[in-house]
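Below: the structure, in structure tokens.
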Amino acid sequence: MKNNRRDFLRRASVAGTALMAGVGQSQANCPQFSRVSGQRFNMNGYAAPKLDTVRIGIIGVGSRGSGTLRRLAGIEGVDIKAICDIAPERVNESIKSIKKEFPQYDPQGYTRKDDWKRVCEREDIDLIYTATPWGLHTPIVVYAMENDKHAFTELPVGITIDDCWQVVETSERTKKHCYMEGSDCSDGISAVVLNLARNGFFGEVIHGEGAYIHDRVSDTQTRWVRDKQNNDWFGYRPWRLKENVNRNGNLYPIHGLGPVAQIMGINSGDSMDYLVSVSGDDFTMKHKMAELAEMDEYYKPYVGLDFRGNMNTTIIRTKLGKTIMLQHDISSPRPNVRFNMISGTKGMFCQYPYPAIAMGHDWMNAEEFDSLVKANKPEITKKFKDRVQTAEKVSKGRSYERVTASDWRLIDCLRNGLPLDKSVYDAALWSSITPLSEWSVDREGASVKVPDFTDNSWKTNKPGMDLSINEGGTTGLL
Ligand SMILES: NC(=O)c1ccc[n+]([C@@H]2O[C@H](COP(=O)([O-])OP(=O)(O)OC[C@H]3O[C@@H](n4cnc5c(N)ncnc54)[C@H](O)[C@@H]3O)[C@@H](O)[C@H]2O)c1
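Counting in numbering that gives the first Met the number 0, the final residue of the sequence shown is number 477, and the numbers go up one at a time with none missing.
Here it is, written out as structure tokens:
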């Protein structure tokens, strides 16, 4: 095991040096493989001791975190103990609104830059949730696990390969879960497709496609206009804009990859082997920055910078000889695309522009498709819908539109002492696609090996995502 990791580092850097000649890119994103010890403990399928109440500390209550706070608060058996953000007004507003809607909670507010450490150190907290800018995710989840807390993070869990290994190693050593948010097969059409795939409907699944195609450039009024009075942004946050400068690759692979990886049994039955990644040029961001700079001087320093290319395409080959194609484009005027397609030896599913199945040359008609979907809704979907409907009746008017099956099941598994539907290996692997794709783009699409965060245990690991909810499912919504 030790040798494999060392060999990997050597091969990556030798290949990198050769390919760097004459190309002239920086080594900034070169994969670093610092882990040299073998797997300490297999976190796949790990069940932590059950928690009657899941006491939560929330770090980062910007646009995503404030919504998640409300979603988590609406699940039975949680307690919101702490809310932390460096923007005091966001902390105050979050505490006020959560206490108004859920008077049973009395969270303490934290507003200093390093206060997330204080929150992680508290002894009366079980789960730390983080929705901060990307660079803080690894430090926070690692510190949380070191302090005996389970970690729940927004995507990605890390921005370098080293980050990803550090998260895996910390989770194995502390036996604390690290669960990453992001699209998966816990609900909706992807749950049905996973169910069908597990029942062999598509034959052997041999190819999958996903994307994060999400137009962030059009629509100046809602995305780019600054609320100058409150020194805030209405849409796209400045830190996220900065992430798109001087970088090129798939910067947000997880939403597209998650369902594909679960359907293809990646980390449990198959493993990624290598990838290649190619980006085109930027054709829109530079024009957008020039246009915005005319309206708001804040954007002037961004004029003339080197932005991520519009479209990045990454192709992954698995150890069992299957393929995954991922795309990333946030700056072309197009409708959204996430989990898009899987193709098997008997048939295929395609999600966009509308969900459809084909078992040969012809698409299934709408009636057949609808009845197939209806007949294959998994238990997790039915149970979650039932929880939502019951809560809607009891609460008379509260909207559960934004509560997700994934949040609900995370809390349910922690309360019932069950393995989680996604493991720390999924979090690390899915996040690692970004630095690996950048490395490959830098080298004109050179192939790069994907680290096996499971240390070969993918061969025997049981798949997560218990669609039939054989255990648990006992948690309600408030
Ligand atoms: N799962 C999803 O569908 C989804 C959707 C949107 C965003 N996200 C993810 O959520 C995360 C946050 O994105 P966002 O759009 O909410 O950004 P945001 O800028 O609106 O929120 C980030 C918050 O972190 C706070 N913060 C920064 N440094 C901090 C520190 N040291 N301590 C405490 N708080 C700190 C900021 O003040 C801000 O309120 C990102 O990782 C993003 O990728 C996920």
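Just so it is clear, CB atoms sit at the ideal spot from N, CA and C, and this is done for glycine as well.
Predicted model only: the values in this text are computed from it and were never measured.
Open item on the list: Does the structure place the stretch 142-149 close enough to the stretch 119-127 that three or more beta carbon pairs sit under 8 Å?
Closed with: With the cut-off at 8 Å, the stretch 119-127 and the stretch 142-149 touch.
Task: Residues near residue 349 by beta carbon distance below 6 Å, same chain, minus five either side - done: If we look at residue 349 and ignore the five residues flanking it on each side, its Cβ neighbours are 340 and 355.
TODO: May I ask whether a heavy atom of ligand 1 can be found less than 7 Å away from the beta carbon of residue 163?
DONE: Checking every heavy atom of ligand 1 against the Cβ of residue 163, none is found closer than 7 Å.
Task: Opening and closing residue of the beta strand (DSSP E) in which residue 272 lies - done: Per DSSP, the continuous beta strand (DSSP E) segment holding residue 272 begins and ends at 271-278.
Open item on the list: So, for residue 332: in the same chain, excluding its five sequence neighbours on each side, which residues have a beta-carbon less than 6 Å away from its beta-carbon?
Closed with: Here the set comprises 214 and 217.
Open item on the list: At 4 residues or longer, what runs of the alpha helix (DSSP H) sit wholly inside the stretch 150-175?
Closed with: Entirely contained in the stretch 150-175, the alpha helix (DSSP H) runs reaching 4 residues are, in chain order, 160-173.
Task: Continuous beta strand (DSSP E) stretch holding residue 129: start and end - done: Its beta strand (DSSP E) spans residues 126-129.
TODO: Say yes only if the C-beta of residue 83 is nearer than 7 Å to one or more non-hydrogen atoms of ligand 1, and no if none qualify.
DONE: Checking the Cβ of residue 83 against ligand 1 gives yes.
Task: Residue closest to residue 192, alpha-carbon to alpha-carbon, out of 239, 160, 260 and 158 - done: Distance check between residue 192 and each of 239, 160, 260 and 158 places 260 closest, using alpha-carbon atoms only.
Task: Local conformation of residue 15 per DSSP, three classes - done: Summary for residue 15: the model assigns pLDDT 34, below 50, so the residue's position carries little reliability; its value from the coordinates is reported in the next sentence. In the structure shown, residue 15 sits in a helix (DSSP, three-state: H, G or I).
TODO: Work out the CA separation of residue 129 and residue 292 for me, nearest whole Å.
DONE: The alpha-carbon atoms of residue 292 and residue 129 are separated by roughly 32 Å.
Open item on the list: Taking a contact to mean a Cβ-Cβ separation below 8 Å, would you say residue 53 touches residue 82 in this structure?
Closed with: In this structure, residue 53 lies away from residue 82, with their beta-carbon atoms at least 8 Å apart.
Open item on the list: Distance check for residue 212 and residue 392, CA to CA, integer angstroms please.
Closed with: Between the C-alpha atoms of residue 392 and residue 212 there is a straight-line separation of about 37 Å.
TODO: Using only the heavy atoms of ligand 1, determine whether one of them is closer than 7 Å to the beta carbon of residue 62.
DONE: Residue 62 has its Cβ nearer than 7 Å to a heavy atom of ligand 1.
Task: C-alpha gap between residue 464 and residue 367, whole angstroms - done: Roughly 26 Å between the two C-alpha positions.
- [ ] Out of 237, 374, 351 and 70, state which residue places its alpha-carbon closest to the alpha-carbon of residue 198.
- [x] Among 237, 374, 351 and 70, the Cα nearest to that of residue 198 is on 374.
Open item on the list: Measuring only the C-alpha atoms, how far is residue 56 from residue 364?
Closed with: Near 48 Å, if we compare the C-alpha coordinates of residue 364 and residue 56.
Open item on the list: Give me the residue from 264, 442, 440 and 312 with the minimum Cα distance to residue 319.
Closed with: Out of 264, 442, 440 and 312, 264 has the C-alpha closest to the C-alpha of residue 319.
TODO: Could you name the residues of the same chain whose beta carbon sits closer than 7 Å to that of residue 106, not counting the 5 residues immediately before and after it, in chain order?
DONE: Same-chain partners within the cutoff: 79, 80, 81, 82, 94 and 97.
TODO: Label residue 136 either buried or exposed according to how many other C-beta atoms from any shown protein chain fall within 10 Å of its C-beta, with 16 as the threshold for buried.
DONE: Residue 136 comes out buried.
TODO: Excluding the 5 residues preceding and the 5 following residue 75 in the sequence, name in chain order all residues of the same chain whose CB lies nearer than 7 Å to its CB.
DONE: Excluding five sequence positions before and after residue 75, the CB atoms of its chain that fall closer than 7 Å to its own CB belong to 474, 475, 476 and 477, given in chain order.
Open item on the list: Please return the same chain residues whose Cβ sits closer than 6 Å to the Cβ of residue 310, not counting the five positions on each side in sequence.
Closed with: Here the set comprises 279 and 328.
Task: Cβ contact (3+ pairs, closer than 8 Å) linking the stretch 378-389 and the stretch 158-169 - done: Fewer than three beta-carbon pairs drawn from the stretch 378-389 and the stretch 158-169 are found closer than 8 Å, and the two stretches are therefore not classed as touching.
TODO: Go ahead and pull the three-state DSSP assignment for residue 338.
DONE: In the structure shown, residue 338 falls within a strand segment according to DSSP collapsed to helix, strand and coil.
Open item on the list: Quick check: does the Cβ of residue 131 come within less than 7 Å of any heavy atom belonging to ligand 1?
Closed with: Within the cutoff, so yes.
TODO: Could you pull out every residue in the same chain whose Cβ sits closer than 6 Å to the Cβ of residue 302, ignoring the five residues on either side in sequence?
DONE: Within the same chain, residue 302 has close Cβ partners 288, 289 and 292.
TODO: Pull up the DSSP beta-bridge partners for residue 54, would you.
DONE: Paired residue(s): 78.
Task: Three CB pairs or more closer than 8 Å across the stretch 398-418 and the stretch 426-445 - done: No: fewer than three Cβ pairs fall under 8 Å.
Task: beta-carbon residue 148 near ligand 1 non-hydrogen atom, thresh 7 Å - done: No, Cβ of residue 148 sits at least 7 Å from all heavy atoms of ligand 1.
Task: Nearest to residue 336 (by Cα), restricted to the options 466, 469 and 209 - done: Checking every option, the nearest Cα to that of residue 336 belongs to 209.
- [ ] Buried or exposed for residue 469, please, with buried defined as at least 16 other CB atoms from any protein chain shown within 10 angstroms of its CB.
- [x] Its Cβ having fewer than 16 others within 10 Å, residue 469 is exposed.
Task: Backbone CA spacing between residue 116 and residue 161 [nearest angstrom] - done: Residue 116 and residue 161: Cα-Cα distance of roughly 21 Å.
Open item on the list: Using C-beta distances below 8 Å, list every residue in its chain close to residue 47, excluding the 5 sequence neighbours before and after it, in chain order.
Closed with: Shown here for residue 47: same chain residues with a beta carbon closer than 8 Å to its own, the five before and five after excluded, namely 149, 174, 175, 176, 413 and 416 in chain order.
Open item on the list: Any heavy atom of ligand 1 closer than 7 Å to the beta-carbon of residue 386?
Closed with: No, Cβ of residue 386 sits at least 7 Å from all heavy atoms of ligand 1.
Open item on the list: Nearest by alpha-carbon distance to residue 305: which of 313, 44, 324 and 281 is it?
Closed with: Per the Cα distances, 281.
Task: Per-residue DSSP class, three states only, for residue 208 - done: Three-state DSSP puts residue 208 in a strand.
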